[in-house]
Each structure stands twice: as structure tokens, then as C-alpha cells.
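Under the working numbering, the final residue of the sequence shown carries the number 1539; numbering is consecutive throughout.
To start, the structure under review is shown below, and the notes come after it.
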Amino acid sequence: MKLFLNSNQGKILSYHVQIEGFHKLLTVCYDKVIEKTIYVINTLYGSFYKYYDTGPRTYYFNTKPNKELYRFDPEYFYKAGTQEIFLKHILGKNKSQLIYETTFISRGHLAPDKDFVLLSWQQVTYFYLNAIPQWHSINAGNWNILENFIRNFAKKTKLD
1380 MKLFLNSNQG KILSYHVQIE GFHKLLTVCY DKVIEKTIYV INTLYGSFYK YYDTGPRTYY
1440 FNTKPNKELY RFDPEYFYKA GTQEIFLKHI LGKNKSQLIY ETTFISRGHL APDKDFVLLS
1500 WQQVTYFYLN AIPQWHSINA GNWNILENFI RNFAKKTKLD
């Protein structure tokens, strides 16, 4: 895997793999001033889905390659206790409990891991550069339905 960085206010990061030349897996636009990912672009290779690797996947986020991009630990903001503190501060104690008891904020993949055929390619999606805070009910609900619909279309048509 190679990581390419541009050095202005924002950064464009690309993760490439070498298989008969380089194939770009992800392109990430990151604003280093506000420490926020603006967008992620990936290609869903429908023509490769017959090779889909269903082995065990990594379900934790890795901050090692991008610690220089954050002045804080991104994981801190996804912890239940941290979310409870922020909701109480923003909404007040009574209203925050109504939300906190029923839902929580999860790491929403901008480029979903299941879009990538090989396990090594899927692991590229487990960096905080590829995540945004998203209500879990949306992430596991309608957003997941949309992702599956697009993947099924790519598989059936074998289009990239």
C-alpha cells in the first residue's frame, strides 16, 4: 500500500495496491485545518465480485498511519461515555437521556469495507480518514440498504 500526500491546506490521500500496475482503492480529501475528511472516492469493482473474500474481517479502526493528521484521538469521540457528556452539554440532562438511551453515534464508513473484494483491500477502509460520525440507526438502517443495493447492482451487471 502506498500513501500519497499533497501539502497545502487540504490533503488528497490515495491508497494504492500493486497488482499488474497500481490500482487506486481510495482517494480521500482531508482538510488538515479543521481536521476533517471532506469526501472519499472509491471504485466498486463489480467485475471482481466473483473473487470476493469472505474470510474473517478486521472490525477495529486503526489510527497508526494518520496520527500526524489529528491533534486528538478520534476514538475518544465514539465512546459511549464521551457521547453522553456531549449530549448532556448540548441538549441538557433531561433531553439527552431520551436520545442516549435509544441510539448512539457510530463510525460511518464513507467507502464501505464490503465494496472491496479482498480482505487486504477491506482493511484500508478501517482508518478514521474514512469515517464520519453517523447515528447508528441510520448507518445500520437505510444507509446499509443503499450500500447493499449498489453492491448488488454492481455484482449483477459486473460493472465498475
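Built from N, CA and C at the ideal position, the CB exists for glycine as well.
None of these values were measured; they are calculated from a predicted model.
Can you grab the Cα-Cα spacing for the pair residue i / residue j, in whole Å?
i            : j            : result
residue 1503 : residue 1471 : 38 Å
residue 1421 : residue 1460 : 33 Å
residue 1535 : residue 1433 : 18 Å
residue 1495 : residue 1462 : 30 Å
residue 1498 : residue 1419 : 19 Å
residue 1493 : residue 1483 : 22 Å
residue 1439 : residue 1416 : 19 Å
residue 1519 : residue 1507 : 18 Å
residue 1517 : residue 1488 : 12 Å
residue 1473 : residue 1464 : 12 Å
residue 1468 : residue 1537 : 49 Å
residue 1455 : residue 1490 : 22 Å
residue 1414 : residue 1531 : 34 Å
residue 1406 : residue 1436 : 22 Å
residue 1431 : residue 1529 : 16 Å
residue 1427 : residue 1404 : 13 Å
residue 1449 : residue 1505 : 16 Å
Quick one: using the 10 Å Cβ neighbour count with 16 as the cut-off for buried, is residue i buried or exposed?
i            : result
residue 1466 : buried
residue 1525 : exposed
residue 1409 : buried
residue 1486 : buried
residue 1412 : exposed
residue 1509 : buried
So who's on the other strand from residue i, going by DSSP bridges?
i            : result
residue 1418 : 1408
residue 1485 : 1513
residue 1441 : 1506
Along the alpha helix (DSSP H) that carries residue i, what are the first and last residues, could you check?
i            : result
residue 1460 : 1459 to 1470
residue 1528 : 1521 to 1536
residue 1499 : 1498 to 1502
Can you find the residues in the same chain that come closer than 7 Å, C-beta to C-beta, to residue i, ignoring five residues on each side of it along the sequence?
i            : result
residue 1424 : 1496 and 1539
residue 1501 : 1436, 1492 and 1495
Tell me which same chain residues have a C-beta within less than 8 Å of the C-beta of residue i, skipping the five on either side of it?
i            : result
residue 1513 : 1484, 1485, 1486, 1487 and 1522
residue 1457 : 1484, 1485, 1486 and 1512
For residue i, verify whether its CB is less than 6 Å away from any heavy atom of the ligand ATP.
i            : result
residue 1462 : Because no ligand of any kind appears in the structure shown, any question about the ligand ATP cannot be addressed here.
With a threshold of 6 Å on Cβ separation, who are the neighbours of residue i within its own chain once the five nearest residues in sequence on each side are excluded?
i            : result
residue 1533 : 1423 and 1425
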